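Residue numbers (my numbering): 387 to 763.
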Ligand SMILES: Cc1cc2nc3c(=O)[nH]c(=O)nc-3n(C[C@H](O)[C@H](O)[C@H](O)COP(=O)(O)OP(=O)(O)OC[C@H]3O[C@@H](n4cnc5c(N)ncnc54)[C@H](O)[C@@H]3O)c2cc1C
């Protein structure tokens, strides 16, 4: 295999995080490449999510998820304004529908405050005034939560990467990585099955669901970094009942944050999604099938706070897969973002377990990676 090109920095994966990193890094460095196996950006997790700009409420204070979410949310809104990306800072209500949930929302308010996020507890009448169709005994209101058009965001990153002189190579899959005296050799296979290789100084592994495989190609076989596919399915509210809410409505979450409960998310086109649920897959296969037989479970979950719903008001919508390093039943795990000099892989940067709030945090993650890259000696 002949070496056909040499790059300073190679980013593997053109999801929203890889693209955000590419956009940031190509402002400061020349010779930045992004390698993506699909023919276009965002064909995996980045186009199969709730598109929520999270405030940063639930994550353990001081964790990367908490810090990067809070910073990332502010940066994302600024970016949307500056670059004309559609968004709506619509706000979110976390609703207590049972007496025993009221103390939990008070705890959530405390955690959020430790993360620098101010929430207000609303009484029943106040909730009814804001969202007449929603049932709640009390609610936590998060005015900073919103939604964003992820496709437009990724398109904007792509345009700016090219404008900055970076290159995105679509339809090429990374199949091997070899450490060189200086840098790395990356092996690729294109859509026609042709193999290529090139050398690069720095590798940034932003391969989403396959980030553990990319790490393994470089020799990192760490059980703690194994990705467990965790599927989330959505149903949509059929018209006209999609018009009955104007904010994001969430139940009180379960204790280990495997998911944050089947919630109602509005989108920029006026639709409402219910979901995602949480279902660890037995094998890491991209199965995006939506199981129609879950309709009743979704309806029963949502009916607790959307009492106007009948079972036939909802239809299957889509599914996404979370790249979790948190095994089923384990406590919540943080993002793994690391420059791997300590493992003898100088200049190899891993991003593994980039589940929610990865979209919200994409710009703060990009800043974080830029700092890491600048500090590689
Ligand atoms: C159901 C669900 C709901 C979510 N909701 C939200 C939300 O509301 N708000 C929020 O902030 N976050 C949310 N998230 C999380 C968010 O979607 C992710 O954090 C984000 O999309 C991850 O982006 P990424 O670029 O890391 O990964 P991806 O979008 O998966 O991109 C990785 C890319 O790497 C490429 N790739 C992989 N292997 C190779 C290889 N060998 N060679 C070349 N290319 C390769 C893939 O093709 C892919 O395009 C949600 C996630 C899910 C699953």
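Note that beta-carbon positions come from the ideal geometry of N, C-alpha and C, so glycine has one too.
Here the structure is a predicted model, which is why all the values come from computation and not from measurement.
For residue 561, the enclosing beta strand (DSSP E) starts and ends at 558-565.
Distances between the C-beta of residue 417 and the heavy atoms of ligand 1 are all 7 Å or more. When rounded, the separation of the alpha-carbon atoms in residue 449 and residue 723 is 12 Å.
Here DSSP, grouped into helix, strand and coil, assigns residue 579 to coil. At least 8 Å separates the beta-carbon of residue 632 from that of residue 536. Taking C-beta separations shorter than 7 Å and ignoring five residues to either side along the sequence, the partners of residue 412 in its chain run 418, 547, 550, 551 and 552, following chain order. Three or more beta-carbon pairs separated by less than 8 Å are not found between the segment 490-503 and the segment 554-573, which leaves the two stretches without contact.
Secondary structure at residue 546: helix, using DSSP grouped into helix, strand and coil. Per DSSP, the continuous beta strand (DSSP E) segment holding residue 724 begins and ends at 722-725.
For residue 440, the CB falls within less than 7 Å of some heavy atom of ligand 1. Residue nearest to residue 527 within the set 482, 558 and 478 is 478 (criterion: CA-CA distance). By the neighbour-count criterion, in which 16 or more other beta carbons inside 10 Å mark a residue as buried, residue 716 falls on the exposed side. Fully contained in the segment 589-655 are the following beta strand (DSSP E) runs of length 3 or more, in chain order: 614-623, 634-637 and 649-652. DSSP lists 649 as the bridge partner or partners of residue 661.
A heavy atom of ligand 1 is found nearer than 7 Å to the CB of residue 423.
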